[in-house]
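Chemist: Counted the way my numbering counts, the sequence shown spans residues 2 to 1027. Think of the CB as a built atom: it goes at the ideal place given N, C-alpha and C, for glycine as much as any other residue. No experiment lies behind these values; they were computed from the predicted model shown.
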Amino acid sequence: MSQHHSPLFRYDRHPDEERGRCLIASTDLRKDRLIFVERPVIAMQSTGNMHEGALVCSYCMAFCGSPGQNLKVISDPSFLEEMATSNNNQRCVNEKDDDDVNNYALNGPHALYCCRHNCGHIYCSLECQQDDWKWGGHRELCTGMIPDPDECTSRQYQQKELGANTLTAVADEKEQDDLSNTSPSSNVDSFIDPLLEFKVYARNTNEIFLLVATWLVRIIKHNLPYHEDDDLNTHPYTDFQMNTWWDVKANEEAILKKEKEDPEEKKANKSNVEGGSLEDILKQLCEDSHSYLSRTLKNRLEQSQDSPWLTPIGMARLIGSLEQNCLGIRRKHALQRNLMQDTNLRQEFHTELIQCLEGAGMIEDNNDKCDDNTCPCDVDGCGNDRELEKGPREGLGSKYSPDDIATFLASLTQDFTNGCVFDEWDEIIRPLDGISHYSIATKMNHSCNPNVILVYKTRGWGRDHPLVAYIVALKDIKEGEELTISYIDSEDPYEERQTALANYGFICTCSKCISEKDEIGQRKNEEDDDANSLNDDLFGDDSEDIDDDDLFGNNDDGDEQANGVAENTDSAENEDGNDYNEEPRGAQSLLDVLKQLDTISNKSNHAAIPVEYLAPASNYVVKQASSLISDFQNAEGFKGDGQKIENLLKKIKAAIRERDFSACRLVGSGLELYLYSLLESNGSWTTPMYRASYWCSAITASIGYAHEGSFLLSIKYLDKAIILGQDRSLIEDYFGYVELHASQMAAAPCPIAVDCKVPDYRCPKLKELVASRTLPKPIQIPVKELISDEKSNKASIMASYNQSQTCVIRHLASEWAAVEKWRYLDRLAWEFGHRLVPIEIGSMTTRMKEAVVTFRSFVANYMSSSASRDFWSFEDATDGKSQIAYLAQHPFLDQVSDLCKDIDMNPYGVQPTNINIWMGTGGTRTPLHFDSYDNLLIQLVGAKYVRLYEKENSDRLYVRQDKSYGSQGNMSELDCEQEDFEKHPLAKDCNYKEVLLFPGDCLFIPSRQWHYVRSLSTSVSVNYWF
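1. Cα separation between Ile472 and Ile489?
2. Since Cys357 and Leu72 are thought to touch, with beta carbons under 8 Å apart, how far apart are those beta carbons, to the nearest angstrom?
3. In chain order, which continuous runs of the alpha helix (DSSP H) of length 4 or greater are located wholly inside the segment 922-992?
4. For His708 versus Ala609, is the C-beta distance shorter than 8 Å?
5. When you compare the segment 196-210 with the segment 219-226, are there three or more beta-carbon pairs, one atom per stretch, that lie closer than 8 Å?
6. Whose CA, out of Val784, Gln727, Asp728 and Pro779, lies closest to the CA of Tyr993?
7. Taking the straight line between their C-alpha atoms, what separation do you get for His111 and Asp465?
8. Report the partner residues of Tyr1025 according to the DSSP bridge assignment.
9. Spell out a yes or no on whether the segment 908-927 and the segment 757-770 are touching, meaning 3 or more CB-CB pairs, one atom from each, closer than 8 Å.
10. Could you name the residues of the same chain whose beta carbon sits closer than 7 Å to that of Lys822, not counting the 5 residues immediately before and after it, in chain order?
11. Among Leu336, Pro750 and Val422, whose alpha-carbon lies nearest the alpha-carbon of Glu53?
12. Do Ala503 and Glu253 have their beta-carbon atoms positioned less than 8 Å apart in this structure?
13. Can you grab the Cα-Cα spacing for the pair Arg347 / Leu354, in whole Å?
14. Tell me whether the beta-carbon of Asp761 lies closer than 8 Å to the beta-carbon of Arg824.
15. Quick check on Ala636: buried or exposed, where buried means 16 or more other Cβ atoms within 10 Å of its Cβ?
16. Roughly how many whole angstroms lie between the Cα atoms of Lys258 and Ser278?
17. Beta-carbon separation of Leu196 and Ile43 under 8 Å?
18. Distance check for Leu713 and Cys511, CA to CA, integer angstroms please.
19. Considering Cα atoms alone, identify which of Lys882, Pro913 and Leu1017 is closest to Gln1030.
20. Please state whether the Cβ-Cβ distance between Pro1029 and Glu288 is less than 8 Å.
21. I want to know whether the segment 476-492 touches the segment 31-46 - three or more CB-CB distances under 8 Å.
22. Could you check the C-alpha separation between Glu294 and Gln523 for me, to the nearest Å?
23. Does DSSP put Ser602 in a helix, in a strand, or in coil?
24. Residue range of the alpha helix (DSSP H) that Pro313 falls in?
25. Name the two residues that bound the continuous beta strand (DSSP E) containing Gly843.
26. For Ala573, which residues from the same chain have a beta carbon less than 8 Å from its beta carbon, with the 5 sequence-adjacent residues on both sides left out?
27. How would you call Lys135, buried or exposed, if buried means at least 16 neighbouring beta carbons within 10 angstroms?
28. Kindly list the residues whose CB is nearer than 8 Å to the CB of Glu995, restricted to its own chain and excluding five residues on each side of it in sequence; keep chain order.
29. If we require 4 or more residues per run, which alpha helix (DSSP H) segments fall completely within the segment 863-912?
30. Look up Glu176 in the DSSP assignment and say whether it is helix, strand or coil.
31. Take Gly671 and list the residues in its own chain whose beta-carbon comes closer than 7 Å to its own, dropping the five residues that flank it on each side.
32. Where do the N-terminal and C-terminal ends of the alpha helix (DSSP H) with Phe199 fall, by residue?
33. By the DSSP assignment, the alpha helix (DSSP H) with Gly671 in it spans what residues?
34. Within the chosen definition, does the segment 615-630 reach the segment 587-606 through at least 3 CB pairs nearer than 8 Å?
35. Please list the terminal residues of the continuous beta strand (DSSP E) segment that includes Leu24.
36. Return the CA-CA distance between Ser883 and Gly329, expressed in angstroms with no decimal places.
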């Protein structure tokens, strides 16, 4: 049975009240250990960053669109408007706001969807579009819902254009120096839509209001209580220190002046800080923005009118929290890697790429000369060695060939520190830039000598690569030690660090700061002594003429000598660099750079898979691959597909042994795709060797993606391996590691736009309704109830088990968490929607089709509509138009370990052989069959009908012999509830027992007893085989 991996930290409160809440290591952590990953509670892309080509999802902040679309936007920002128009059919997915929130589409990594109301927001998937609309706050803040501009005056239309479409709006509006010019009455006509007024006001004053508005809407939609005491705000949205904006700024000013003024100056300025113009200005800003926002939400969010959060003070507290806790975003663009590896992309968008280089100042027209000090290329007179060859000048782009561009790109500097340094590639392909607010990461206190670092990683595109912070250990950390992070650049000098930390409202007193402060004080005393001594020399009787420039060491000759040394050093470095790395030209040079990057990544231990998890999984793959290679070599009849699979297994084995994680991704995913396509096209694999090879390929690909931090992709490969028979226990530790971080990465800040709540069938009225409306005829011979309407215990089950007697035990599981919790399938989909599950879909009157989908898709597409019905009659179940979906006989608890805590894994003291989950719409039917195991069936959600025949009736139940229904001889031809006794006359005289199961009920079915099952509603059951 799967084991749940616990978090590596715990919350605590620091003994120093000023330091507040903190994170403590709950176990020993090695250097470079990934501690956790986290999605932000709220995040915002900087204004203009999208126009620079950083196309990111407005909800999850993943890079979206195709590489070509991003290149076009970088080269020509006006392409954003054209792109919005071309995606019009995708934008209008839902004609009505509420009718189709459960619509699901399988989104590729380069999908791009626009807001359905054409306000300019873009998304990486329909799910993100829907989630942002329903819960993320976009419905309330979408400018596209404002009345048609034809109904506006020209003055109004200008205001609409300014705020309505972020794709075409001017990104660099002038900020008003005089804040009074941005008051509600001076800039905007009183009849302009207040949402436009608010957005224009925010852009002209402080864009933090835009982020606060989204945060505020989410808080109000969740009906979170307002507490002035921060300790009482425990929800992830509000669990922050929330001082008002002006208090934060006043404290910042006070800290900056604390060590720079004498006591009299501090006293004179104290009233200025506490009650001066700064506080008045900030209060006025909050009042004005509140005025606009409250009028906006009055008609769009009913519950906002009574919310204390929607007040000037409430908004000021949120801004104060952002001022003290928010973190900057710098995430390298996923496009950079595409440009390195894809020759076709560079050739197809050659003109756009040249425009990007020109826009970045990297290349210029032949008539222009570059500045030797700033230009990284050498174009007609530039002093840099990287010269692009000039071709014919017939048109734009013809000056440089694609091979020239590739060679030049290969020469650009690359940052190898997880995107922490702005390099030359970032000048061309701008990173994602913005601000973010984290619920967990912000609990870490600051230290200038931190033991933890926060980094952003980028590998891919789309929904599987949302914006997340990776929290990594910088050094060995002991259990019980506080996790600390540096809010600033800890390498800055002491004075600069303290000035920067004033923004966070405190003076740092870490050991590093105390030590450097003492050194500065000592150095100052020494300088004072030197100055006094110098004065004696200057004005003594034997003094000589001294050059003023030499008083403080500013000797021109010395400077020239120092500069000469520096220049010689630089020159030597350049020569060494040229001798060591003679630059090749063309596409191969870029592939060499990419290979170098991958090599560095492969060797890096930073946030890598811990060896105690990696080693067992790697050993398992190598042993499996070695055995399979030998089997393929010895087998006959596998010259085609078998030869290809054998060769790929050899590459998998080499990649794992050499710890070449880039090759693990490529070779593992390639073999997985090939084998899965064989399964889909043929319906089955021709040999068990293919199944075992699939397991190897899926685990190998998972390892490659997990090493780079792409846990959502990594868990998908593991899920598919489990679905196709992989024993999780053989790779348990590794599986749990990936599962934990994938869950953290998938933990979206808002609920999903799926409504699926199953009625509570413990209700007597619903029980009566189901019993009277779902069966063709009343129950004739009921199953014996061992204990009726009372709670039972394990002894009761054991009695039936020992007697091999069928019985139903009412309310056995009524206290299990799953009985209540799993009725809310939308909540389960919010938590586990990223996991893959195997389902059967279609009509019960024909053969069902198998599919592997995300759990969210299963709930949204099928379970949601089914749950809206109180019951499913037999006619509903057999109606060919009914949309039936079934997650049948699946070891979901093995696959998703977090679910295990909601049920009793061993309900009567005998270790089960298998535990399966049965989850489906109403109308699902399991044909008449028997199992070779004793079976304990427990109903968790909804209602089921079960019919049971004694095993002595086997000769009269027409056992199927065809292999399409299995070769075990345990399936009957009899179609229960619509029997054809002319075709099966012997079955007419077979007696059977019946029972209706409701939540918490348990049915014991002895081995080899025939049984038929039909769901009378949306249903979830668990069965144990012994």
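Modeler: According to the data block:
1. The residue you call residue 472 lines up with position 471 of the sequence shown. The residue you call residue 489 lines up with position 488 of the sequence shown. Using only the alpha carbons, I get a separation of about 16 Å.
2. Locating residue 357 in the sequence shown gives position 356, counting from the first residue. Locating residue 72 in the sequence shown gives position 71, counting from the first residue. About 7 Å separates the beta carbon of Cys357 from that of Leu72, a gap short enough to meet the 8 Å contact definition.
3. none
4. Mapped onto the sequence shown, residue 708 falls at position 707. Mapped onto the sequence shown, residue 609 falls at position 608. Yes, the Cβ-Cβ distance between His708 and Ala609 is below 8 Å.
5. no
6. Stepping through the sequence shown from its first residue, residue 993 is reached at position 992. With distances taken between Cα atoms, Tyr993 lies closest to Val784.
7. Translated into the one-based positions of the sequence shown, residue 111 becomes position 110. Translated into the one-based positions of the sequence shown, residue 465 becomes position 464. For His111 and Asp465, the distance between alpha carbons rounds to 11 Å.
8. What you label residue 1025 is simply residue 1024 of the sequence shown in a count that begins at 1. According to DSSP, which records beta bridges pairwise, Tyr1025 is partnered with Ile916 and Leu937.
9. no
10. Mapped onto the sequence shown, residue 822 falls at position 821. Counting only Cβ-Cβ distances below 7 Å, and skipping sequence neighbours, we find Asp903.
11. Indexing the sequence shown from 1 puts residue 53 at position 52. Closest option to Glu53, Cα to Cα, is Leu336.
12. Position 252 of the sequence shown, counting from 1, holds the residue named residue 253. Position 502 of the sequence shown, counting from 1, holds the residue named residue 503. Yes, they are a contact pair.
13. The residue labelled residue 347 in the question sits at position 346 within the sequence shown. The residue labelled residue 354 in the question sits at position 353 within the sequence shown. Computed Cα separation, rounded: 7 Å.
14. On the sequence shown, residue 761 is found 760 positions in, with the first residue counted as 1. On the sequence shown, residue 824 is found 823 positions in, with the first residue counted as 1. Yes, Cβ-Cβ distance for Asp761 and Arg824 is below 8 Å.
15. Within the sequence shown, numbered from 1, the residue matching residue 636 stands at position 635. Classification of Ala636: exposed, given that the 10 Å Cβ count is below 16.
16. The residue you call residue 258 lines up with position 257 of the sequence shown. The residue you call residue 278 lines up with position 277 of the sequence shown. Taking the straight line joining both Cα atoms gives about 17 Å.
17. Your numbering for residue 196 matches position 195 in the sequence shown. Your numbering for residue 43 matches position 42 in the sequence shown. Going by C-beta atoms, Leu196 is not nearer than 8 Å to Ile43.
18. In the sequence shown, the residue the question calls residue 511 occupies position 510. In the sequence shown, the residue the question calls residue 713 occupies position 712. Cys511 and Leu713: Cα-Cα distance of roughly 38 Å.
19. Since the displayed the chain opens at 2 and closes at 1027, residue 1030 lies outside it and no answer follows.
20. The structure shown does not extend to residue 1029, since the chain is modelled only from 2 through 1027, so no value can be given for it.
21. yes
22. What you label residue 294 is simply residue 293 of the sequence shown in a count that begins at 1. What you label residue 523 is simply residue 522 of the sequence shown in a count that begins at 1. Checking the displayed sequence, the identity of residue 294 turns out to be Leu instead of Glu. Leu294 and Gln523: Cα-Cα distance of roughly 54 Å.
23. Working through the sequence shown from its first residue, we reach residue 602 at position 601. Looking at Ser602 - three-state DSSP - the assignment turns out to be helix.
24. As a position in the sequence shown, residue 313 is number 312, starting the count at 1. Where Pro313 is concerned, the enclosing alpha helix (DSSP H) stretches over Pro313 to Asn326.
25. Here residue 843 corresponds to residue number 842 of the sequence shown, with the count starting at 1. Here the beta strand (DSSP E) through Gly843 covers Leu837 to Gly843.
26. Position 572 of the sequence shown holds residue 573. Caution is warranted here: a pLDDT of 35 is assigned to Ala573, below 50, making its placement in the model unreliable, and no coordinate value can be reported.
27. By one-based count along the sequence shown, residue 135 stands at place 134. Under this definition Lys135 is a buried residue.
28. Residue numbering aside, residue 995 sits at position 994 when the sequence shown is read from its first letter. Closer than 8 Å at Cβ, skipping near neighbours: Ile780, Gln781, Ile782, Pro783, Val784, Tyr946, Val947, Arg948 and Leu949.
29. 865-868, 875-879 and 893-896
30. Stepping through the sequence shown from its first residue, residue 176 is reached at position 175. The predicted model places Glu176 with a pLDDT of 36, which falls under 50 and marks its position as unreliable, so this point remains unresolved.
31. Along the sequence shown, one-based indexing puts residue 671 at 670. Excluding residues within five positions, the ones whose Cβ falls inside 7 Å are Leu649.
32. Locating residue 199 in the sequence shown gives position 198, counting from the first residue. Note, Phe199: alpha helix (DSSP H), Pro195 to Thr206.
33. Within the sequence shown, residue 671 is the residue found at index 670, counting from 1. Taken as a continuous stretch (DSSP letters only), the alpha helix (DSSP H) holding Gly671 covers Phe662 to Asn683.
34. Of all C-beta pairs linking the segment 615-630 to the segment 587-606, fewer than three are shorter than 8 Å, placing the two stretches out of contact.
35. For the purposes of this step, residue 24 is taken as the residue at position 23 of the sequence shown. Per DSSP, Leu24 belongs to the beta strand (DSSP E) from Arg22 to Ala26.
36. As a first step, residue 883 must be located in the sequence shown, where it is residue number 882. As a first step, residue 329 must be located in the sequence shown, where it is residue number 328. Each residue's alpha carbon lies about 50 Å from the other.
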